[in-house]
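Trainee: Protein sequences, first through last, are from chains A and B.
Final position of the first sequence in full-length UniProt numbering is 408; the numbers increase by one with none missing.
Final position of the second sequence in full-length UniProt numbering is 308; the numbers increase by one with none missing.
Every residue gets a Cβ at the ideal spot worked out from N, C-alpha and C, and that includes glycine.
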Amino acid sequence: MSHSQKLPQDPNIRALVSAMSQRSLSRRSVLGAAGALGLGGLLAACGTGGSKTGVAAGPAAADISASDPTLNWANWTLYLDYDDAAKAYPTLEAFTKQTGIKVNYSEDVDGNDTYYGKVQAQLKSGQDIGQDIFTLTDWMAGRVIRQGYTQALDPVNIPNSSNLLPSLQNVDFDPGREHSLTWQSGYAGIAWNKAKYPKGLKSVADLWDPSLKGRITVLDEMRDTMGLLMLQDGVDISGTWGQDEFQKALEVLRGNIDSGQIRQVKGNSYKEDFISGDAIAGIVWSGDLVQMNFENDDQWEFVIPEAGGTLWSDNLMVPVGSPRKANAEKLMDYYFQPEVAAQVAAYVNFICPVTGAKEAMEKIDPSLMANPLIFPAEEDLAKAHVFRSLDADEESSFAADFQSAIGA
Amino acid sequence: MTQTITKSGLSDLRSKDEIRAERRKGRTGVYLVAPGLLVLALFFALPVVVLLAMSLYVKPPGAEIGEFVPGFEIGNYATVLSAYWPELLRSFGFALIATVLALLIGFPMAYLVAVRLREKPLLQGILLVLLIAPFFSSFILRTQAWKQILADEGFIAQTLKFVAILPADGHLTATPFAVVAGLTYNFLPFMVLPIYANLGRLDTRLLEAAGDLYASPVNSFAKITLPMSAPGIFAGTLLTFIPAAGDYVNAALLGNNRNTTMIGQVIDSRFFKVIDYPGAAALSFILMLSILILVTIYIRRFGTKELM
Numbered sequence: 001m002s003h004s005q006k007l008p009q010d011p012n013i014r015a016l017v018s019a020m021s022q023r024s025l026s027r028r029s030v031l032g033a034a035g036a037l038g039l040g041g042l043l044a045a046c047g048t049g050g051s052k053t054g055v056a057a058g059p060a061a062a063d064i065s066a067s068d069p070t071l072n073w074a075n076w077t078l079y080l081d082y083d084d085a086a087k088a089y090p091t092l093e094a095f096t097k098q099t100g101i102k103v104n105y106s107e108d109v110d111g112n113d114t115y116y117g118k119v120q121a122q123l124k125s126g127q128d129i130g131q132d133i134f135t136l137t138d139w140m141a142g143r144v145i146r147q148g149y150t151q152a153l154d155p156v157n158i159p160n161s162s163n164l165l166p167s168l169q170n171v172d173f174d175p176g177r178e179h180s181l182t183w184q185s186g187y188a189g190i191a192w193n194k195a196k197y198p199k200g201l202k203s204v205a206d207l208w209d210p211s212l213k214g215r216i217t218v219l220d221e222m223r224d225t226m227g228l229l230m231l232q233d234g235v236d237i238s239g240t241w242g243q244d245e246f247q248k249a250l251e252v253l254r255g256n257i258d259s260g261q262i263r264q265v266k267g268n269s270y271k272e273d274f275i276s277g278d279a280i281a282g283i284v285w286s287g288d289l290v291q292m293n294f295e296n297d298d299q300w301e302f303v304i305p306e307a308g309g310t311l312w313s314d315n316l317m318v319p320v321g322s323p324r325k326a327n328a329e330k331l332m333d334y335y336f337q338p339e340v341a342a343q344v345a346a347y348v349n350f351i352c353p354v355t356g357a358k359e360a361m362e363k364i365d366p367s368l369m370a371n372p373l374i375f376p377a378e379e380d381l382a383k384a385h386v387f388r389s390l391d392a393d394e395e396s397s398f399a400a401d402f403q404s405a406i407g408a
Numbered sequence: 001m002t003q004t005i006t007k008s009g010l011s012d013l014r015s016k017d018e019i020r021a022e023r024r025k026g027r028t029g030v031y032l033v034a035p036g037l038l039v040l041a042l043f044f045a046l047p048v049v050v051l052l053a054m055s056l057y058v059k060p061p062g063a064e065i066g067e068f069v070p071g072f073e074i075g076n077y078a079t080v081l082s083a084y085w086p087e088l089l090r091s092f093g094f095a096l097i098a099t100v101l102a103l104l105i106g107f108p109m110a111y112l113v114a115v116r117l118r119e120k121p122l123l124q125g126i127l128l129v130l131l132i133a134p135f136f137s138s139f140i141l142r143t144q145a146w147k148q149i150l151a152d153e154g155f156i157a158q159t160l161k162f163v164a165i166l167p168a169d170g171h172l173t174a175t176p177f178a179v180v181a182g183l184t185y186n187f188l189p190f191m192v193l194p195i196y197a198n199l200g201r202l203d204t205r206l207l208e209a210a211g212d213l214y215a216s217p218v219n220s221f222a223k224i225t226l227p228m229s230a231p232g233i234f235a236g237t238l239l240t241f242i243p244a245a246g247d248y249v250n251a252a253l254l255g256n257n258r259n260t261t262m263i264g265q266v267i268d269s270r271f272f273k274v275i276d277y278p279g280a281a282a283l284s285f286i287l288m289l290s291i292l293i294l295v296t297i298y299i300r301r302f303g304t305k306e307l308m
């Protein structure tokens, strides 16, 4: 780097460097700072978690966006338009051309829990996690916002945020969308291999057909699998259900795992089982199916079960230690332009959260305008439910029970 | 000069200078070991202490997720042990079976390359490279490949079903069989290489002599080759068993959610999914301690001087 004034990103090191540049530097303060660095890291590694009061993580980092035109974005796999031939992300390239901000895009998030486990200690002590935007699902977004691990967004810098679908503008985990913006949404539903199971599925109960024994996979995302099972039991998952409803659905899951009906409980890797043919049917995410079908000649069909499916969103947020919030806001603003959003939607095939993207899609691929998995139909939305927020105690106990049912 | 200088006789002959030089050498040894000790202290001893402390933390009432305070809750150990002893036992069981299988498969391989092909260095070299070749690609990738090879629609499963060894609705992946096979395959080189290195030094003239004395091949193998290769077998079994017991990749990729869960998976899920850091730390500690105890017993029982 040719910038002579470039400081490292870690706030501890920044503090150390700035202390050194002042004359007040004594041997003790260096040792102190070094100790804080070492011990802070050590204690952070213990991960003693967030404090009840939230905002444990001190003031947000000073913004260096103006002098440092870069941006680091952690996202999930297959979640941004990608040009295989050019080995590049076309919309990101265009963003860099437009704003001069270079984006380091990484597919770092392979699960809400695992990602949280990785960065929580640093977030708690207010350190830069090396990302300026991270993308997490509603419930986890709720947790990090509640724990004070995110920076408030400035709506003035994101005028296009008004394009967010009205139904997503006010969510219970982030009233008024002060800390987050929706990246993509999707359903969890059921899917099956059309050639191997021509009968097809209508409800979650159909997955327990003996002829599918050992050929079913379900998601290891508790809210999706348990949400679908509880909906099958007639529970309104957005409403006020409790232990009894959860345990009843968990028994169904446990029974089908123990009997060998369910082959595996998996995260993103369930796709490989569908493609290899080990799994014929299961609980899946909508966008995955569209992409898999595109690459494997339309082998599968996806439906939202009769009793209902879950609706989830992933949200863009700025972590507390990021010194490039202004750059992050520019990127969010960029992706909330209908034309850009349509370009992304044409590739990722999840529900596009941007008003006007459907019209913009006409120029890119008119056939996708009628795709209900990208631009949802009213009747689908009516069947899609959002898993209610859990408090910390519920979350711990449900997660523990779910993990023990899936044998881990 | 007489040729029968005894050991004690020799030490009597050493001058004071020689003794001093000896001492200096001893001190040099300490200096040379220091960096290694420091690394061990920093990257092993310290983390173990942190882990031990963490395993005793308690969750304060009304805590946020992942919030724990320092404490002395020995009950953490009882809780995880009573919940996860089957997974712990299963891990050691799987690791033991995999170690035995790796030995049964690995010993003949090592013997072939190290002894039988001693006269053909080129072939020996090629086979040795083939033995090490798996290390050139990622462990996860190789396990993933096995998933494809053993898939329901794959050649092996279809053939086994055709000859009715496998029931029509049976499968190979997502079974304990697949997990043990994965462990055996993945840790096989750790078994073969020490045995190979050991057998490379085997003096085949001893075998010839045994033959001359009318020992049967079985007899000379049992009386000569096997005892001589004991240090290699010993090292190989340790190098296989210890990582296999803590492995969770094979169980996660090739197992199911019913009867293949290993303790590594449980630790992973307690840490990352349930966000129960003390529980995960307690289980890790139990795992380390159990391995330590098992290995100590093993060393006491079968350990050889050459290794110690």
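State the start and end residues of the unbroken beta strand (DSSP E) segment that holds residue 181 of chain A.
Mentor: 180-193 is the span of the beta strand (DSSP E), which, as asked, contains residue 181 of chain A.
Trainee: Counting along the chain, where does the alpha helix (DSSP H) carrying residue 122 of chain B start and finish?
Mentor: 121-132 is the span of the alpha helix (DSSP H), which, as asked, contains residue 122 of chain B.
Trainee: Ordered along the chain, which non-local residues of its own chain (more than five positions away) have a Cβ less than 8 Å from that of residue 176 of chain B?
Mentor: For residue 176 of chain B, where only same-chain residues beyond five positions count, the Cβ hits under 8 Å are 94, 255, 259 and 260.
Trainee: Check whether the stretch 286-296 of chain A touches the stretch 312-325 of chain A, counting contact only when three or more Cβ pairs, one atom from each stretch, lie closer than 8 Å.
Mentor: With a cut-off of 8 Å, the stretch 312-325 of chain A and the stretch 286-296 of chain A do not count as touching, because too few Cβ pairs lie within range.
Trainee: Applying the 10 Å Cβ sphere with the 16-neighbour rule, what's the burial state of residue 93 of chain A?
Mentor: When all chains shown are included, residue 93 of chain A counts as exposed.
Trainee: Enumerated in chain order, which unbroken segments of the alpha helix (DSSP H) with a length of 4 residues or greater are wholly contained in the stretch 11-66 of chain B?
Mentor: Within the stretch 11-66 of chain B, the complete alpha helix (DSSP H) runs of at least 4 residues are 16-40 and 46-54.
Trainee: So, at 7 Å on beta carbons, what are the nonlocal neighbours of residue 265 of chain B in its own chain, with the 5 sequence-adjacent residues on each side left out?
Mentor: So the list reads 248, 251 and 252, once near-sequence residues are dropped.
Trainee: Between the beta-carbon of residue 184 of chain A and the beta-carbon of residue 351 of chain A, is there less than 8 Å?
Mentor: Yes, the Cβ-Cβ distance between residue 184 of chain A and residue 351 of chain A is below 8 Å.
Trainee: Kindly indicate the opening and closing residues of the alpha helix (DSSP H) around residue 244 of chain A.
Mentor: Its alpha helix (DSSP H) spans residues 243-258.
Trainee: Could you work out which residue in A/231, A/65, A/192 and A/152 is closest to residue 301 of chain A when comparing CA atoms only?
Mentor: Measuring from the Cα of residue 301 of chain A, the nearest candidate turns out to be A/192.
Trainee: Taking 8 Å as the threshold (C-beta atoms), are residue 387 of chain A and residue 227 of chain A in contact?
Mentor: Cβ atoms of residue 227 of chain A and residue 387 of chain A: closer than 8 Å.
Trainee: Going along the chain, which residues of its own chain have a beta-carbon closer than 8 Å to the beta-carbon of residue 182 of chain A, five neighbours each way excluded?
Mentor: So the list reads 164, 165, 168, 313, 314, 315, 316 and 353, once near-sequence residues are dropped.
Trainee: Under three-state DSSP, which class holds residue 317 of chain A?
Mentor: In this structure, residue 317 of chain A counts as strand in the three-state DSSP scheme.
Trainee: Let's test the definition: count the other Cβ atoms within 10 Å of the Cβ of residue 289 of chain B and tell me whether it reaches 16, buried, or not, exposed.
Mentor: By the 10 Å Cβ count, residue 289 of chain B comes out exposed.
Trainee: As a quick exercise: from B/111, B/119, B/262 and B/122, pick the residue whose alpha carbon is nearest that of residue 221 of chain B.
Mentor: Answer by Cα proximity: B/111.
Trainee: Just tell me which of A/105, A/399, A/190 and A/65 has its CA closest to the CA of residue 271 of chain B.
Mentor: Checked all of A/105, A/399, A/190 and A/65; the closest Cα to residue 271 of chain B is A/399.
Trainee: Under 8 Å between C-beta atoms, does residue 227 of chain A make it to chain B?
Mentor: Output row for residue 227 of chain A: interface = no.
Trainee: Can you list, in chain order, the residues of its chain whose CB lies under 8 Å from that of residue 139 of chain B, leaving out five sequence neighbours each side?
Mentor: Excluding positions up to five away in sequence, the list reads 186 and 249.
Trainee: CA-CA distance, residue 183 of chain B and residue 107 of chain B?
Mentor: Their Cα atoms are separated by approximately 17 Å.
Trainee: Starting from residue 264 of chain A and walking both ways along the beta strand (DSSP E), at which residues does that stretch end?
Mentor: 262-266 is the extent of the beta strand (DSSP E) around residue 264 of chain A.
Trainee: For the candidate residues A/239, A/344, A/283 and A/380, whose alpha-carbon lies nearest to that of residue 253 of chain A?
Mentor: Nearest C-alpha to residue 253 of chain A: A/283.
Trainee: Which same chain residues, not among the five before or five after residue 357 of chain A, have their C-beta less than 7 Å away from its C-beta?
Mentor: For residue 357 of chain A, where only same-chain residues beyond five positions count, the Cβ hits under 7 Å are 338, 341, 342 and 345.
Trainee: Residue 257 of chain A touches chain B at which residues, Cβ-Cβ below 9 Å?
Mentor: Here the neighbours are 256, 257 and 258.
Trainee: Could you give the DSSP three-state label for residue 102 of chain A: helix, strand or coil?
Mentor: Three-state result, residue 102 of chain A: strand.
Trainee: Using the Cα positions of residue 198 of chain B and residue 236 of chain B, report the straight-line distance between them to the nearest angstrom.
Mentor: So the two alpha carbons sit approximately 10 Å from each other.
Trainee: Using the three-state DSSP reduction, which class does residue 164 of chain A fall into: helix, strand or coil?
Mentor: Reduced to three states, the DSSP call for residue 164 of chain A is strand.
Trainee: Where do the ends of the beta strand (DSSP E) carrying residue 234 of chain A lie?
Mentor: First-last for residue 234 of chain A: undefined, no H or E at that position.
Trainee: Starting from residue 85 of chain B and walking both ways along the alpha helix (DSSP H), at which residues does that stretch end?
Mentor: Run containing residue 85 of chain B: 75-111, per the alpha helix (DSSP H) assignment.
Trainee: Under 8 Å, Cβ to Cβ, is there at least one residue of chain A near residue 18 of chain B?
Mentor: False, the Cβ-Cβ gap to chain A never drops below 8 Å.
Trainee: Please report whether the beta-carbon of residue 43 of chain B lies at a distance below 8 Å from any beta-carbon of chain A.
Mentor: No, because no Cβ of chain A sits closer than 8 Å to the Cβ of residue 43 of chain B.
Trainee: Would you list the residues sitting across from residue 302 of chain A in a DSSP beta bridge?
Mentor: Note: residue 302 of chain A sits in a beta bridge opposite A/191.
Trainee: Could you pull out every residue in the same chain whose Cβ sits closer than 6 Å to the Cβ of residue 192 of chain B, ignoring the five residues on either side in sequence?
Mentor: Once the five neighbours on either side are set aside, the close Cβ partners of residue 192 of chain B are 106, 109, 110 and 131.
Trainee: Go ahead and label residue 113 of chain A buried or exposed: buried means 16 or more other beta carbons lie within 10 angstroms of its beta carbon, across all protein chains shown.
Mentor: Counting Cβ neighbours within 10 Å, residue 113 of chain A comes out buried, since at least 16 surround it.
Trainee: For the alpha helix (DSSP H) containing residue 291 of chain B, name the first residue and the last one.
Mentor: Residues 277-302.
Trainee: For residue 376 of chain A, is the classification buried or exposed, using 16 other Cβ atoms within 10 angstroms of its Cβ as the cut-off for buried?
Mentor: It is buried - the Cβ of residue 376 of chain A has at least 16 other Cβ atoms within 10 Å.
Trainee: Leaving out five residues on either side along the sequence, give the residues of the same chain with a beta carbon under 7 Å from the beta carbon of residue 196 of chain B.
Mentor: Result list for residue 196 of chain B: 110, 113 and 114, in chain order.
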